[in-house]
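Read the structure below first, then the notes.
Pasting the structure below:
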């Protein structure tokens, strides 16, 4: 016999206290199901919260991606402007003192 049964049998512990404190299998199963249901509900709430946070971060990153795409386009345009042949030739002539050689001055070297 377990301790509670011995106490009831001896008369030390009244039967109604034992019945209140001991759960039947059905009550234990119901309690377990309620606990799993609460855990499941809290899990759904937590996952929903995480999903909303991730979606907000995704939207923010999409905005940043669009901004960076526009900036890249502007930088490519600026680079093409700086690399225009006429500008390069003008800078070479004015700042570096370079000139385009005559055809007579051009020497072709063959190996």
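Numbering (this note's numbering), first residue to last: 23 to 133.
Beta carbons: idealized from backbone N, C-alpha and C, even for Gly.
None of the values given here were measured: they were computed from a predicted structure.
Proximity below 8 Å, CB of residue i to CB of residue j
| i | j | result |
| --- | --- | --- |
| residue 114 | residue 106 | no |
| residue 60 | residue 53 | no |
Other residues of its chain near residue i: CB distance less than 6 Å, five sequence neighbours each side excluded
| i | result |
| --- | --- |
| residue 50 | none |
DSSP three-state assignment for residue i, whether helix, strand or coil
| i | result |
| --- | --- |
| residue 133 | coil |
| residue 128 | coil |
| residue 55 | helix |
| residue 46 | coil |
Chain-order list of residues whose beta-carbon lies under 8 Å from that of residue i (same chain, five-residue window excluded)
| i | result |
| --- | --- |
| residue 82 | none |
(request) Counting only runs of 4+ residues fully inside the stretch 75–124, write out the alpha helix (DSSP H) ranges in chain order. (result) 107–116, all fully within the stretch 75–124.
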